[in-house]
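K.L.:
Following this message is one structure expressed as structure tokens.
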Amino acid sequence: MEKMGPGELAAKKIASKHLLKSEDYALTQLANAWLDLAVLPQDAKDAETLANLVVCSLHLGKSPSRYLSQLKLTHPDHLLVKRQSTAEESFDRAVQTMA
1 MEKMGPGELA AKKIASKHLL KSEDYALTQL ANAWLDLAVL PQDAKDAETL ANLVVCSLHL
61 GKSPSRYLSQ LKLTHPDHLL VKRQSTAEES FDRAVQTMA
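In our numbering, the protein residues as written are 1 to 99.
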């Protein structure tokens, strides 16, 4: 196996950081597109659309409460709803042990 010199290693790290920024930018653009396009009335009750909107909102730093509430109401057995409920219960138990 060939060893890299300090210059090559630095160049590789810089390229890696640029790639991550580029991927994050692409993901952010995709998330914005989802929020702009996926709120069409026919998708308003689709479980996977709502779950995707929750995740996109979180990625963009926006509140997912609107989509999460609708998901809880229309699809209470969805995996995302179940996981959030489990996390809330775990948090409540942890708070009780600290009180």
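Note that beta-carbon positions come from the ideal geometry of N, C-alpha and C, so glycine has one too.
No experiment lies behind these values; they were computed from the predicted model shown.
Less than 6 Å between C-beta atoms, sequence neighbours within five positions excluded: which residues of the same chain meet that for L60?
P.N.:
Counting from 1 along the sequence shown, the entry for residue 60 is found at position 60. Counting only Cβ-Cβ distances below 6 Å, and skipping sequence neighbours, we find A31.
K.L.:
How big is the Cα-Cα spacing for L73 and C56?
P.N.:
Here residue 73 is taken as the residue at index 73 of the sequence shown, counted from 1. Here residue 56 is taken as the residue at index 56 of the sequence shown, counted from 1. The straight-line gap from Cα to Cα measures roughly 19 Å.
K.L.:
Taking the C-alpha atoms as reference points, what is the distance between S69 and A44?
P.N.:
Reading the sequence shown from its first residue, position 69 is the one you call residue 69. Reading the sequence shown from its first residue, position 44 is the one you call residue 44. Roughly 12 Å separates the two Cα atoms.
K.L.:
Here's the rule: buried if 16 or more other CB atoms are within 10 angstroms of the residue's CB, otherwise exposed. What is Y67?
P.N.:
In the sequence shown, counting from the first residue as 1, residue 67 sits at position 67. Y67 is buried by the Cβ-count criterion.
K.L.:
Given A51, which residues of its chain have a CB within under 7 Å of its CB, disregarding the five upstream and five downstream residues?
P.N.:
Numbered from its first residue, the sequence shown carries residue 51 at position 51. The residues are L71, H78, L80.
K.L.:
Out of curiosity, what's the CA-to-CA distance linking H75 and A99?
P.N.:
What you label residue 75 is simply residue 75 of the sequence shown in a count that begins at 1. What you label residue 99 is simply residue 99 of the sequence shown in a count that begins at 1. If I take the Cα positions, the gap works out to 34 Å.
K.L.:
Alpha carbons only, please: which of A94, K82, V95 is nearest the one belonging to A47?
P.N.:
Looking up residue 47 in the sequence shown gives position 47. Checked all of A94, K82, V95; the closest Cα to A47 is K82.
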